[in-house]
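Each remark here refers to the structure printed beneath this line.
Protein chains: 2
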Amino acid sequence: MDSLLKKIDVMKNPTVVGLDPTLEMMPASMKAEMFEKYGKNPEAVGKMFIKFNKEIIDSVEDIVPAVKPQIAMYEKYGIEGIKAYLETIEYASKKGMAVIGDIKRGDISSTAAAYAAHIGGTEIEGQAFDLWKEDWITVNPYLGIDGIQPFIDECNKKDRGVFILVKTSNPSSSQLQDILVNEKTIYERVAELVAEWGMQSMGTMGYSRIGAVVGATHKEQGEKLRKMMPHTFFLVPGYGAQGGTGTDLEGFFDKDKRGCIVNSSRGIIAAYKKNDKYGENVGEAARDAALAMKADLQY
Amino acid sequence: MDSLLKKIDVMKNPTVVGLDPTLEMMPASMKAEMFEKYGKNPEAVGKMFIKFNKEIIDSVEDIVPAVKPQIAMYEKYGIEGIKAYLETIEYASKKGMAVIGDIKRGDISSTAAAYAAHIGGTEIEGQAFDLWKEDWITVNPYLGIDGIQPFIDECNKKDRGVFILVKTSNPSSSQLQDILVNEKTIYERVAELVAEWGMQSMGTMGYSRIGAVVGATHKEQGEKLRKMMPHTFFLVPGYGAQGGTGTDLEGFFDKDKRGCIVNSSRGIIAAYKKNDKYGENVGEAARDAALAMKADLQY
Chain S
188 MDSLLKKIDV MKNPTVVGLD PTLEMMPASM KAEMFEKYGK NPEAVGKMFI KFNKEIIDSV
248 EDIVPAVKPQ IAMYEKYGIE GIKAYLETIE YASKKGMAVI GDIKRGDISS TAAAYAAHIG
308 GTEIEGQAFD LWKEDWITVN PYLGIDGIQP FIDECNKKDR GVFILVKTSN PSSSQLQDIL
368 VNEKTIYERV AELVAEWGMQ SMGTMGYSRI GAVVGATHKE QGEKLRKMMP HTFFLVPGYG
428 AQGGTGTDLE GFFDKDKRGC IVNSSRGIIA AYKKNDKYGE NVGEAARDAA LAMKADLQY
Chain F
188 MDSLLKKIDV MKNPTVVGLD PTLEMMPASM KAEMFEKYGK NPEAVGKMFI KFNKEIIDSV
248 EDIVPAVKPQ IAMYEKYGIE GIKAYLETIE YASKKGMAVI GDIKRGDISS TAAAYAAHIG
308 GTEIEGQAFD LWKEDWITVN PYLGIDGIQP FIDECNKKDR GVFILVKTSN PSSSQLQDIL
368 VNEKTIYERV AELVAEWGMQ SMGTMGYSRI GAVVGATHKE QGEKLRKMMP HTFFLVPGYG
428 AQGGTGTDLE GFFDKDKRGC IVNSSRGIIA AYKKNDKYGE NVGEAARDAA LAMKADLQY
């Protein structure tokens, strides 16, 4: 997992592109082509998503260290969607990009162990199968440590990582996460647990393989969490479309400007829709948006 | 969703069979047959799971109203596993059983809307596709109402349901869920929210389409929650293998002995392994175990 941190250093870019395609986002000509070829069905949508994602990946692979496909967007289209999810991961990995599977799984111990196959792979009669191939995944902490431990075990075995939801970027994250208990919020209690769990799986660059999701929309909270969890790497959603900006995020980083990877989804992958000059050139628009984001994050 | 409640009444059996197959659980002859036919790979495991589940379904369909496949067990085997999950749902539905997809999804609003396709289906160019076909799914509340609302909307449109995690059955559920805030635990706060959200989607039998997961391993808590949430239908995991018994559950039901469906997984589907007399007769053992559970729940 240190390879992601190194890649961020080399590219001087703590950005991850969220590959969250929707049917509405697809260029008209691509839609027409795939519907023509496969019919108006989930298979066509899956093929669009693959083509669309490959265009994005090809256009940013040399400037962005990672991609984060959101599996919900693919699950929406059933088995054909999941095929597109898997092909996207495979393609990005081959290009040398780190892949964060935004799957937000979480369950009791034995079930969490099954989900941990996402990063740990599966064994059948002594033979190993790496069927999902995510380098990192996101995990929900509501069930407590026995639902987390199986992921930690796989992180250690495979040098992969997880990001545990601490403070999410959405407006109603406050409903549960901000409940105050003895002058500490629930998300701070979760943060303490995540920091503690993380000590079981330290990398070599000062950060643990057990990371945290901390929304860009919560400036003060992010700063406070950085101080509370000096060895916890942050995945930061909510930049751009959801409202966070580069200067809001200064305090999420450590003094060496490390410790975070910031996600942008629509702001990059649907950038072509915001300026007529791009026409249907999804890749060029994505690259320009990614470069603008990189510049915004260099404080 | 009232159809599940009615089916429970007719069968006089508030039981759901958890279809959580593992490779270790498969009968030796079935394993040998499928490995021979497909090779030692995920496809073979998927085929085993389908055959195994069909045997269980065939043997309990007239005495048990519902099945609950746990998607993690299938995701473990990648796309082939998910195919088995889908074929299991399709088969159980055709047999007239209600299907609870134990998927514990949960995300921010737009993403939750994509996950809601599990119960709501997907539209492509005006055409509807019901790709997952679960009647109910489980949902994680850590992100608050904007991550729940899309599921409620689909419940209303399709008369399907969700069970939101309130108090899970695992030992470390206490770590986060039992934190005390002003004399109320976090799970009680979640329970209040779930009860409130549930009023948006009432069925005709006194219960809401927005249900709650309440672990059988927490007797007093279950009784208290039943009083707090008189219109919330409970999915109760943790019976049997995890330690809950019939008498522990009296207080989870309402005065008419309604309001719950109790899950057993290994205790039913792996029952054949507990008594030599069954040999590899998975179905017969499952039926006997299901009948014993039904008897245990008739207080």
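Chains as they are written, first to last, in the numbering used here: chain S, 188 to 486; chain F, 188 to 486.
Glycine residues also receive a C-beta, built at the ideal position from the N, C-alpha and C atoms.
| Asked | Found |
| --- | --- |
| Beta-carbon neighbours of S/P328, restricted to chain F and to distances below 9 Å | Y329, Q362 and L363 |
| F/S451 - partner residues in DSSP beta bridges | F/V204 |
| Chain F contacts made by the segment 290 to 318 of chain S, where a contact means CB separation under 8 Å | K291, R292, G293, D294, I295, S296, T298, A299, A301, Y302, A304, H305, T309, I311, E312, Q314, F316 and L318 |
| Alpha carbon of F/S395 to alpha carbon of S/I243, nearest angstrom | 44 Å |
| 8 Å Cβ shell around F/L478 - same chain, five flanking residues per side excluded | I250 |
| 9 Å Cβ cutoff, F/M480 in contact with chain S | no |
| Element boundaries [beta strand (DSSP E), containing F/K282] | Taken as a continuous stretch (DSSP letters only), F/K282 belongs to no beta strand (DSSP E), as it is neither H nor E. |
| Reduced DSSP category for S/V326 - H, G, I as helix; E, B as strand; rest coil | strand |
| Beta-carbon contacts of F/I373 that lie in its chain and below 6 Å, excluding the five residues immediately before and after | Q364 and I366 |
| Proximity below 9 Å, CB of F/Y264 to CB of F/P229 | yes |
| Beta carbon proximity, S/E375 to chain F, threshold 9 Å | no |
| Secondary structure, beta strand (DSSP E): runs of 3+ residues fully inside the segment 371 to 413 of chain F | 397 to 401 |
| Beta-carbon neighbours of F/T355, restricted to chain S and to distances below 9 Å | D294, I295, Y329, L330, G331 and G334 |
| Any chain F beta carbon closer than 9 Å to S/V204 | no |
| Any chain F beta carbon closer than 9 Å to S/V469 | no |
| At least 3 beta-carbon pairs within less than 8 Å: the segment 352 to 359 of chain F vs the segment 402 to 411 of chain F | yes |
| CB contact check: S/Y459 to chain F, cutoff 9 Å | no |
| Against chain S: residues of the segment 415 to 444 of chain F by CB proximity under 7 Å | none |
| According to DSSP, residues forming a beta bridge with S/P256 | S/L206 |
| Residue range of the beta strand (DSSP E) that includes F/L352 | G348 to K354 |
| Beta-carbon proximity of F/T419 to F/A378, cut-off 9 Å | yes |
| Close beta carbons around F/E467, own chain, < 8 Å, minus the five adjacent residues each side | P214, A215, S216, M217 and Y459 |
| Contacts that F/M260 makes with chain S (C-beta to C-beta distance below 7 Å) | A301 |
| Alpha carbon of F/E310 to alpha carbon of F/F316, nearest angstrom | 6 Å |
| DSSP bridge partner residues for S/F421 (one or two, in chain order) | S/A399 and S/C447 |
| Neighbour flag for F/A231 against chain S, beta carbons, 9 Å | yes |
| Contacts that F/G288 makes with chain S (C-beta to C-beta distance below 8 Å) | Here the premise fails: no neighbours, minimum Cβ distance about 11 Å. |
| F/Y264 in three-state terms, based on DSSP | coil |
| Reduced DSSP secondary structure (H/G/I, E/B, other) of F/K199 | coil |
| Reduced DSSP secondary structure (H/G/I, E/B, other) of S/V368 | strand |
| Secondary structure, alpha helix (DSSP H): runs of 4+ residues fully inside the segment 288 to 313 of chain F | 296 to 302 and 304 to 307 |
| Helix, strand or coil at F/A315 [DSSP, three-state] | strand |
| Alpha helix (DSSP H) segment containing S/M217, residue limits | A215 to Y225 |
| Interface residues of chain F facing S/S216 [CB-CB closer than 8 Å] | Near S/S216 there are no residues of chain F at all, since even the closest Cβ is about 16 Å away, more than 8 Å. |
| Through-space distance from F/G431 to F/T209, alpha-carbon basis | 22 Å |
| Stretch-stretch touch, CB-based, cutoff 8 Å, three pairs: the segment 290 to 297 of chain F with the segment 284 to 301 of chain S | yes |
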